[in-house]
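A.B. asks: Under mature numbering (1 follows the signal peptide of the UniProt record, and there is no 0), the residues of the sequence shown are numbered -22 to -1, 1 to 429, in order.
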Amino acid sequence: MKNYKILLFFLFIFAISSCDKIADLEENDPNNFKDAPADLIINTPLLANALVAEGELARISNIFSDQFTGADRQYLSFEKYLITAGDFSNIWSTLYADGVAQCKLIQEKATLANDPHLKGISQIVEANLIGLATSLWGDVPFTQAGNVDKFPEPSFDDQLAVYAGLQSLLDEAIANVGNATVTEAVHGSETVDQTVRANMRWKEIAYSLKSRFYLHVKDYPNALANAKLGIPSSDAEWLINHDDGGNWIDGKFNIYFSFCAWYRGGYLGASDAYLPKLLDASATEYRGDTKTDEAGRLAYYYAGSSGSWDPNTGKIWSNSSPFPVFSWVENKLIEAESEWRGGSKANALDALNEVRAYWNKKFAGKYSEYVDTDFASDADLLSEILEEKYISLHGQIEVFNDLRRTDNHIGVPIKSGSKFPERFIYPQSEINSNPNTPEIKDIYTPTKVNS
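1) Check whether the segment 231 to 238 touches the segment 254 to 270, counting contact only when three or more Cβ pairs, one atom from each stretch, lie closer than 8 Å.
2) What are the start and end residues of the alpha helix (DSSP H) that includes Ser407?
3) Per DSSP, what kind of secondary structure is Gly389 in: helix, strand or coil?
4) Is Ser(-5) helix, strand or coil by DSSP?
5) Does the segment 320 to 334 come close enough to the segment 388 to 397 that 3 or more CB-CB pairs lie under 8 Å?
6) Identify, in the order they occur along the chain, each residue of the same chain with its Cβ nearer than 8 Å to the Cβ of Tyr198, setting aside the five sequence neighbours on each side.
7) So, helix, strand or coil for Val349, using DSSP?
8) So what's Gly33 in DSSP terms, helix, strand or just coil?
9) Between the segment 121 to 139 and the segment 88 to 97, do three or more beta carbon pairs fall short of 8 Å?
10) Which class does Tyr74 belong to by DSSP, given the choice of helix, strand or coil?
11) What is the residue span of the beta strand (DSSP E) that Ile218 lies within?
12) Looking only at its chain, what residues have a beta carbon closer than 6 Å to the beta carbon of Asn412, apart from the 5 residues adjacent to it on each side?
13) Tell me which residues share the same chain as Ala151 and place their Cβ nearer than 6 Å to its Cβ, disregarding the 5 neighbours each side in the sequence.
14) Work out the CA separation of Ser236 and Arg242 for me, nearest whole Å.
15) May I have a chain-ordered list of the beta strand (DSSP E) segments no shorter than 3 residues that lie completely inside the segment 52 to 128?
16) Taking only beta-carbon positions, decide if Gly285 is within less than 8 Å of chain B.
17) Please name the residue, chosen from Lys181, Ala123, Gly124, that lies closest to Asp149 on a Cα-to-Cα basis.
18) Could you check the C-alpha separation between Asn154 and Glu347 for me, to the nearest Å?
19) Can you grab the Cα-Cα spacing for the pair Gly64 / Ile41, in whole Å?
20) Using a Cβ-Cβ cutoff of less than 8 Å, which residues in the same chain neighbour Leu364 once the five nearest sequence positions on both sides are dropped?
21) Determine the DSSP secondary structure at Tyr422, reduced to helix, strand or coil.
22) Between which residues of its own chain and Leu202 is the CB-CB distance below 7 Å, once the five residues before and five after are set aside?
23) Let me know if Ile227 comes out buried or exposed under the rule of 16 or more other beta-carbons within 10 Å of its beta-carbon.
24) Does Arg51 pass the burial test, meaning 16 or more other C-beta atoms within 10 Å, or should it be called exposed?
25) Residues bridged to Asp288 by DSSP?
26) Leaving out five residues on either side along the sequence, give the residues of the same chain with a beta carbon under 7 Å from the beta carbon of Trp70.
27) Since I believe Ile375 is in contact with residue 430 (beta carbons under 8 Å), could you give me their beta-carbon distance rounded to a whole number of angstroms?
28) Go to Phe301, then tell me how far its beta strand (DSSP E) extends in each direction, as first and last residue.
29) By how many angstroms is the C-alpha of Ala26 removed from the C-alpha of Asp17?
30) Closer than 8 Å by C-beta to Lys426: which residues in its own chain qualify, once you throw out the five before and the five after it? Chain order, please.
31) Going by beta-carbon coordinates alone, are Ser429 and Phe304 separated by less than 8 Å?
32) Taking only three categories from DSSP, how would you classify Thr169?
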């Protein structure tokens, strides 16, 4: 027994020393990364940007905007505008922890490495993420966001101050990226990106974002000025590419396809949605006229038949379909609306007709050019511009932003009760962990820019 105890003692001493050696090995393990170069880290916020722009927030926004129908499980609640704080916890974490915080880290590293181009890209991605957040929630963390060690409970900046700060951030980004064309992969697919890069400049994306954010705060002169410096053609858009080489690789799918056809079939429909009725010649809401035939867009956006529509996972939402973070069409329609609001009705009509020409080319001659006499009044022209944007930006968050900004000018039906939703509510995770979270408990309280 005595010898046994001595043996145990030496085994204990050996175990302690061995643990120290194992710890040393782990500290120096070349496969156990503690850090990475900024040009590799950039993929994390780009992925977060895709999930935020194209995922759950877009689906809920477009149920509220009556482009889709919540058809099953918790989506039946969304259809009735019933939403809880817990519904937003995961995507809030994606936006801030995986998106904004990583952008801040990249900016620090890029500054040390004297790489203004990469710093500028991360600033543009950060601006897009924070812009989406403030448009949907109002006051959000901005100046203290992305530094959990220094600000574990970040303050929520006033929404108007956030928009002003985003303009400054984008100005700095434009100076940093300069006039160079895009040389790095933007989102995912190399094959699609190669066709885009020759025409795409990050500074033009930044100017388009500036235009969008000026539009949000109803500063139409600045929205117009920046739109004119923004994305110049449909060959230079900011796309999330989902080209999986035809190999059906989960993780590279279009996110609408992934949700509707791969994981959550039947949750999201469009059976009683307003948008397909606008495009369906058999519906009383049909918007077509002698110069407009919407059959092509209807078949591109939706599958099924009248009264039984579904998101079209074979066309616009196919597994390999790209998703626009910012499109030329959006930029041109911001220009059209801003021209109208500035009193330049002829210029507004020209910009609208450029968009119609785009769809005319895509759908083989179904959109003829409008002239002044096609509109009974100037107000009808504005309605046409806003309705065209509602249709053209199918499935995107900006549709919901426009409806709230214009006080639902185009008359999208209210699905439940007598009020149209005005915001998203703050996530439960933030309410639980951050005492600075504003006490807003319903979706009918307008954000400051829409009050």
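Cβ coordinates follow ideal geometry from the N, Cα and C atoms, glycine included.
C.D. replies: Taking the definition as stated:
1) no
2) 406 to 411
3) coil
4) Because the pLDDT at Ser(-5) is just 38, under 50, the model does not fix this residue reliably, and the value given afterwards should be weighed accordingly. If DSSP states are grouped into helix, strand and coil, Ser(-5) belongs with the helices.
5) no
6) Tyr192, Glu315, Ser316, Arg319, Gly320
7) coil
8) coil
9) no
10) helix
11) 216 to 218
12) Glu131
13) Gly98, Gln101, Ile102, Ala184
14) 8 Å
15) none
16) Protein chains in the displayed structure number just one, and chain B is not present.
17) Lys181
18) 40 Å
19) 18 Å
20) Glu315, Asp380, Thr384, His387, Ile388
21) coil
22) Glu313, Ser316, Glu317, Gly320
23) exposed
24) exposed
25) Ala281
26) Pro405, Ser407, Glu408
27) Since the first and last residues shown for the chain are -22 and 429, residue 430 lies out of range.
28) 301 to 304
29) 16 Å
30) Gly116, Asp117, Asp136, Gln137, Leu138
31) no
32) Caution is warranted here: a pLDDT of 43 is assigned to Thr169, below 50, making its placement in the model unreliable, and no coordinate value can be reported.
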